[in-house]
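S.K.: For the sequence shown, my numbering begins at 1442 and goes up steadily by one.
Ideal Cβ positions, reconstructed from N, Cα and C, are used throughout, including at glycine.
Every value quoted in this text rests on a predicted model; they were computed, and no experiment measured them.
To start, I am sharing the structure in question, which I have written as structure tokens.
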Amino acid sequence: MRVAIIGAGLSGLACAHELERLGIFPDVFEERSRPGELFPHVGGILQIMNRPVRNQLEFLKKEYHLQAKPLSAWKKITMHAPSVTRVVKSRNFGYFFERGQGSSSLETQLANSIKSRITFNCRANYSELAKEYDYVVVATGNRAVAATLGIWKDTFTTMVRGAVVLGKFNTEELIMWVNTDYALGAYAYLTAFSPDRGSLVLIHANTSPEDMERHWTTFLKKERLEYQVVESFLLSHIAGTVYPHQVGNILLVGAAGGFMESFLGFGAVSSMRSGVLAARAMVKGQPFAKVSDKLDQEMRRSVRLREILNTMKNEDYDRLVATATFPIMKHINYNTNLPVLNFAGNILELVRASVDWEKKSILPPVPENPHKK
Ligand SMILES: Cc1cc2nc3c(=O)[nH]c(=O)nc-3n(C[C@H](O)[C@H](O)[C@H](O)COP(=O)(O)OP(=O)(O)OC[C@H]3O[C@@H](n4cnc5c(N)ncnc54)[C@H](O)[C@@H]3O)c2cc1C
């Protein structure tokens, strides 16, 4: 069986890794000269996103045969809402990973774990490859192919402004800011590569590059952040849902296949999972839709959470941060294994004080597949 994978990002590399394990050596095409995003940053994988999984690294190793070394364990979160600041600590919020093209980045680690040939500096065309190969895996990290195939629906658009900064940092901590004055429908966060090198990121919904610079300046000024900036980046990101995830012999994985948790924009674990599931579907000759159905449902549920987040006001954020750190909530959120995201829609709506008691149900339903309407 001949398989072409377009994109040596997390989903494409995870797919190649699983194919190799099943005896197939794909051809991987990557338009950049190395694996990984062009800008370095520190990303987290958050335990709460994958409950009842207790430890995502063990889960990825056991269920998906993927192994990677994190920068550090994630043990502390400092949350800044406009008028409320709270700190929570736990033995295991998750892990921090270096992202980008560095020698320890998650992408570099995955690339080093495969034997298949990666052809760099090659912008591949999916329709050409589909004629030549038995399967083509689209792992391009963007909506272009799915939109051309007519199977993509936008869910939200954000602008991301980030920087590598110098200062003093706790490598086990994530500091988060929620404030509509500069991060409408999203948030800002600080993580650390090392005790003296940090990664500062601001995300804002639907804005222009010019306005994003203004939001960045407001953010730094308002939060009195005076770090020395050594590297900066700006990018726009369009997230969406995809249905179906397979058209003929073309399978779409990772962000290109809509496998991204819309709630907080976490896509690392879901991208790798979708890549592995695509490999299994191809080798076993099963429809990818069937193999990835559970993951797909998780993604759709997170879209609903994001929709609520998009309407939050500053007073809602104050209430949310205060509520999330009530002793009972703290215990449920951080010391149990309960799948709190299943209830999160209700909690967010309660916090937003726009609750319609008549219509409430305990478990939020998985939203309808928008592509089926
Ligand atoms: C600033 C930032 C912070 C983030 N933080 C987190 C976080 O903390 N936790 C988390 O879980 N997720 C995070 N994410 C999201 C996560 O990084 C993505 O969901 C994930 O990388 C998507 O993986 P992917 O394989 O789908 O795409 P990508 O990793 O984007 O890889 C796609 C690859 O395809 C290549 N490519 C594209 N088109 C072609 C073509 N035609 N031919 C050849 N190659 C092509 C690209 O060059 C790229 O290398 C963050 C994202 C950003 C931008």
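Residue 1801 to residue 1753, Cα distance in whole Å?
M.R.: Because residue 1801 carries a pLDDT of 46, less than 50, the predicted location of this residue cannot be relied on, and no value is offered for it.
S.K.: If I measure Cβ to Cβ from residue 1443 and keep anything under 7 Å in the same chain, skipping five residues before and after, which residues do I get?
M.R.: The residues are 1574, 1575.
S.K.: At a cut-off of 7 Å, is residue 1701 close to ligand 1 when judged by its beta-carbon and the heavy atoms of the ligand?
M.R.: True, at least one ligand heavy atom lies under 7 Å from that Cβ.
S.K.: Which residues in the same chain have their Cβ closer than 7 Å to the Cβ of residue 1659, if we skip the five residues on either side of it in sequence?
M.R.: Around residue 1659: 1622, 1623.
S.K.: Within 8 Å, do at least three Cβ pairs link the segment 1578 to 1597 to the segment 1652 to 1666?
M.R.: Counting Cβ pairs under 8 Å, fewer than three are found: no touch.
S.K.: Would residue 1838 pass as a contact of residue 1645 if the rule is Cβ separation under 8 Å?
M.R.: The structure shown does not extend to residue 1838, since the chain spans only 1442 to 1814, so no value can be given for it.
S.K.: Using the Cβ count rule (16 or more neighbours within 10 Å means buried), how would you classify residue 1570?
M.R.: Looking at its Cβ environment, which holds 16 or more other Cβ atoms inside 10 Å, residue 1570 is buried.
S.K.: Applying the criterion that 16 or more other CB atoms from any shown protein chain within 10 Å of the CB defines a buried residue, is residue 1803 buried or exposed?
M.R.: Confidence at residue 1803 is low in this model, with a pLDDT of 39, below 50, so its placement is unreliable and no value can be given for it.
S.K.: Could you name the residues that DSSP lists as bridge partners for residue 1468?
M.R.: The partner list for residue 1468 (beta bridge, DSSP) reads 1445.
S.K.: Hey, how far is the Cα of residue 1498 from the Cα of residue 1554?
M.R.: Approximately 16 Å, taken between the alpha carbons.
S.K.: In the structure shown, what three-state DSSP assignment does residue 1737 receive?
M.R.: The answer is helix: DSSP assigns residue 1737 an H, G or I state.
S.K.: Between the C-alpha atoms of residue 1512 and residue 1543, what's the straight-line distance to the nearest angstrom?
M.R.: C-alpha separation (whole angstroms): 12 Å.
S.K.: What are the boundary residues of the beta strand (DSSP E) that includes residue 1614?
M.R.: Counting along the chain, the beta strand (DSSP E) containing residue 1614 begins and ends at 1614 to 1618.
S.K.: Are the segment 1466 to 1476 and the segment 1532 to 1540 touching by the rule of at least three beta carbon pairs closer than 8 Å?
M.R.: Too few Cβ pairs lie closer than 8 Å, so no.
S.K.: Using only alpha-carbon positions, find the residue among 1459, 1740, 1686, 1719 that is nearest to residue 1706.
M.R.: Answer by Cα proximity: 1740.
S.K.: Would you kindly check if the distance between the Cβ of residue 1581 and the Cβ of residue 1448 is under 8 Å?
M.R.: Cβ atoms of residue 1448 and residue 1581: closer than 8 Å.
S.K.: Taking 7 Å as the cut-off, is the CB of residue 1476 close to at least one heavy atom of ligand 1?
M.R.: Yes; taking the cut-off as 7 Å, the Cβ of residue 1476 has a heavy atom of ligand 1 nearer than that.
S.K.: Cβ of residue 1485 versus every heavy atom of ligand 1: is any distance shorter than 7 Å?
M.R.: Yes, the Cβ of residue 1485 comes within 7 Å of a heavy atom of ligand 1.
S.K.: Roughly how many angstroms separate the alpha carbons of residue 1764 and residue 1626, rounded to a whole number?
M.R.: So the alpha carbons of these two residues sit roughly 19 Å apart.
S.K.: When the Cα atoms are used, what is the spatial distance from residue 1486 to residue 1665?
M.R.: Distance between the alpha carbons of residue 1486 and residue 1665: 27 Å.
S.K.: Less than 8 Å between the C-beta atoms of residue 1702 and residue 1743, yes or no?
M.R.: It is a contact, given that the beta carbons lie within the stated cut-off.
S.K.: Give the secondary structure of residue 1628 by DSSP, where H, G and I count as helix, E and B as strand, and everything else as coil.
M.R.: Three-state DSSP puts residue 1628 in coil, outside helix and strand.
S.K.: According to DSSP, is residue 1669 helix, strand or coil?
M.R.: If DSSP states are grouped into helix, strand and coil, residue 1669 belongs with the strands.
S.K.: At a cut-off of 7 Å, is residue 1676 close to ligand 2 when judged by its beta-carbon and the heavy atoms of the ligand?
M.R.: In the structure shown, ligand 2 is absent; the only ligands present are ligand 1.
S.K.: Give the straight-line distance between the Cα atoms of residue 1597 and residue 1679, rounded to the nearest whole angstrom.
M.R.: Going from the Cα of residue 1597 to the Cα of residue 1679 covers about 6 Å.
S.K.: How far does the beta strand (DSSP E) with residue 1533 in it reach, from first residue to last?
M.R.: Run containing residue 1533: 1526 to 1540, per the beta strand (DSSP E) assignment.
S.K.: Are the Cβ atoms of residue 1745 and residue 1681 separated by less than 8 Å?
M.R.: Their beta carbons are not under 8 Å apart, which means residue 1745 does not touch residue 1681 by this criterion.
S.K.: Along the chain, which unbroken stretches of the alpha helix (DSSP H) at least 4 residues long are found entirely within the segment 1545 to 1572?
M.R.: Runs of the alpha helix (DSSP H) inside the segment 1545 to 1572: 1547 to 1553.
S.K.: Beta carbon of residue 1708, beta carbon of residue 1459: below 8 Å?
M.R.: Cβ distance not < 8 Å, so residue 1708 and residue 1459 don't count as in contact.
S.K.: Between residue 1507 and residue 1713, which are expected to be in contact by the criterion C-beta below 8 Å, what is the C-beta distance as a whole number of angstroms?
M.R.: The pair is a contact, with the Cβ atoms about 6 Å apart (cut-off 8 Å).
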